[in-house]
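Just below is one structure, and these are the notes that go with it.
Protein chains in written order, with the working numbering: chain X, 715 to 1003; chain P, 995 to 1350.
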């Protein structure tokens, strides 16, 4: 293999993995505070379509990025209100958010499918994604606020008894996760494949969810995991193009299979599971109990 | 689980729009992707709209989009059949068994399955001879490539796709014996990100022409960005990659859909197999890009179209050998439709193996 070929491959891996890093790191923070948001796919699609439409109408990348982020704030805000204030089931609400997002993005984008745009250079986002992982890792382990987020996720009753505002903390982490998903969607429709087509995220939200478990809720492992998933996918394409016979279907299910293996591994030891998964994950918090 | 919910929701949508007029025939469509894909499903939807305009008030149409090719398809097709549809088009190869399953339950409903080969008294099959278009683009690619490497992005290993690869390669290697094609199987019809990755991977490996048999225009866009040439798929994709788009193979379903709907209205519908190409207008080439292609090559391509139309040129003219070197089509003969319909082997000269 020549150097140019290897650089080319790395380039493609970087470009294709970045949305997973964005969506994954956002969901990681949300889950660290004890909330499971299954709505990533919907959030990504709405973020993608909002950014795309704004760019087509205004021609301004800043406005389109801004509105895409706003869409994430609004949608994840609604999700937060439902699961935190109304204490709806997180899994059902997250699924509803995904379905809603798929439908809403399709409706909004109906007139814009097939409008050509000039894509944005993906490298800004690639750099930001690395900085984000660094920031989140530092935030969760070294800052007081980060430790509060983790305390809330481990045991919300104790955190509440200590005087921390569980609901407010979770609102913020959910919205952070929502904004990150929107950015992932924005990146897909503006940088990665500059276009709008219905359902164009093609299941990346689910892979990002699997990734958080695969990373056992650790930011650096999430980054490594994302690049393993992305790298394997691109490597198998390269091998195919060279003429090596590979079971392609197997590689499509690889992220999920790897996640199950990690789950089996961490579940085999109760202590290990406890150390990894936030204990209050997916448990609703009632203030007056 | 999610897909089930989605399919269920789309049923509700279908029921709600099915306002019944007693004398109107109801015609339903099952789509594999969204009508906004500007590819395969888009062209079927254009066909549906053409049919509506042609037949006016004598029909109403409904469609369910994004129906996966699994057991969910049975529920989607059954829902259309049970809600009083007279004619149902199922527009993807892997709806084959699902279509037959529902057709057995509803003998009075007519079914039309695209690109399949299993028929019943109330199930017709229809397809377009896309491979005729692949012969044209193969010829152009063979003459236009400078690196002698062509990148080919494909979805699933089914006869239609493999026939396309073979037709393309036979035409390309005829004018350029040194040509090599690199093939990437994506195992999805529609994932713009992955299609772009595949295109970039192929370009990175030296391909200077990108060919696709997937449904989004991401590969053509990736080619535009990298400054290499490309062919569009299913619909004219020139708007998305004006500086790399040489031509597209377009699927024209409208006239066929209108004719079959008319047959249902008239009560003359019968089960048959339809396989049409350039001659009947079911396959067309988009305008050739005069900025990229030399004039004499455009003329050659047009002459080939005419030759295929009047039968003097065939995409699979013998002698054709398979990869093992066995003669599969003798000199002076052409491959028959039976062989074409079940083609699951590469012709000699293509590297790699057909995935199982």
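All residues carry an ideal CB built from backbone N, CA and C; glycine is no exception.
It should be emphasised that the depicted structure is a prediction, and the values quoted were computed from it without experimental measurement.
- Its chain contains 787, 790, 791 and 794 as the residues whose beta carbon lies nearer than 7 Å to that of residue 889 of chain X, once the 5 sequence neighbours on both sides are disregarded; these appear in chain order.
- Each of P:1175, P:1139, P:1228 and P:1097 was checked against the Cα of residue 1032 of chain P, and the nearest Cα belongs to P:1228.
- Residue 1051 of chain P and residue 1073 of chain P have their alpha carbons spaced roughly 23 Å apart.
- Residue 985 of chain X counts as exposed, since fewer than 16 other C-beta atoms from the protein chains shown sit within 10 angstroms of its C-beta.
- Contact annotation: residue 895 of chain X and residue 740 of chain X have beta-carbon atoms nearer than 8 Å.
- Counting C-beta pairs with one atom in each stretch, the stretch 1184–1202 of chain P and the stretch 1155–1165 of chain P have fewer than three that are closer than 8 Å, which means they do not touch.
- Cβ atoms of residue 826 of chain X and residue 784 of chain X stay farther apart than 8 Å, at about 18 Å.
- At least 8 Å separates the CB of residue 734 of chain X from every CB of chain P.
- Within the same chain, and ignoring the five residues on either side of residue 940 of chain X in sequence, the residues whose Cβ sits closer than 7 Å to its Cβ are 731, 734, 735, 738 and 925.
- In the three-state scheme derived from DSSP, where H, G and I count as helix and E and B as strand, residue 1174 of chain P is classed as strand.
- Bounds of the beta strand (DSSP E) holding residue 1023 of chain P are 1019–1024.
- For residue 955 of chain X, at least one C-beta of chain P is nearer than 8 Å to its own C-beta.
- For residue 1331 of chain P, the enclosing alpha helix (DSSP H) has its first and last residue at 1331–1335.
- Here residue 991 of chain X carries a coil assignment [DSSP, helix/strand/coil].
- At least 8 Å separates the beta-carbon of residue 847 of chain X from that of residue 743 of chain X.
- By the neighbour-count definition (other C-beta atoms within 10 Å, threshold 16), residue 1289 of chain P is an exposed residue.
- Under the 8 Å criterion on CB atoms, residue 1060 of chain P is classed as interfacial with respect to chain X.
- The beta-carbon separation of residue 996 of chain X and residue 1181 of chain P, rounded to 32 Å, does not stay under the 8 Å limit for a contact.
- Rounded to the nearest angstrom, the gap between the Cα atoms of residue 929 of chain X and residue 935 of chain X is 5 Å.
- Only residues of its own chain outside the window of five on either side were considered, and among them 862, 865 and 866 have a CB closer than 7 Å to the CB of residue 878 of chain X, listed in chain order.
- Taking each of P:1136, P:1145 and P:1174 in turn and checking the Cα distance to residue 1165 of chain P, the smallest one comes out for P:1136.
- By the neighbour-count definition (other C-beta atoms within 10 Å, threshold 16), residue 724 of chain X is an exposed residue.
- Ranking P:1296, P:1055 and P:1023 by CA distance to the CA of residue 1089 of chain P puts P:1023 first.
- Annotated as distal: residue 1064 of chain P and residue 1028 of chain P, with beta-carbon spacing of 8 Å or more.
- With a 10 Å radius around the Cβ and a threshold of 16 neighbouring Cβ atoms, residue 1242 of chain P comes out buried.
- For residue 914 of chain X, the neighbours in chain P by C-beta distance under 7 Å run, in chain order, 1186.
- A direct Cα-Cα distance of roughly 47 Å separates residue 952 of chain X from residue 1080 of chain P.
- Closer than 8 Å to the CB of residue 1196 of chain P there is at least one CB belonging to chain X.
- Taking 8 Å as the cut-off, the Cβ atoms of residue 801 of chain X and residue 998 of chain X count as close.
- With fewer than 16 neighbouring CB atoms inside 10 Å of its own CB, residue 1000 of chain X falls in the exposed class.
- Within 8 Å of the CB of residue 719 of chain X, the CB atoms of chain P belong to 1198 and 1199, in sequence order along the chain.
- For residue 951 of chain X, the neighbours in chain P by C-beta distance under 7 Å run, in chain order, 1178, 1191, 1192 and 1195.
- When secondary structure is reduced to three states using DSSP, residue 1104 of chain P falls in the strand class.
- Chain-ordered, the chain P residues with CB closer than 8 Å to the CB of residue 959 of chain X read 1346, 1347 and 1349.
- Residues of chain X whose Cβ lies closer than 8 Å to the Cβ of residue 1210 of chain P are, in chain order, 907, 909, 911 and 914.
- With three or more CB-CB distances shorter than 8 Å, the stretch 1223–1240 of chain P counts as touching the stretch 1280–1297 of chain P.
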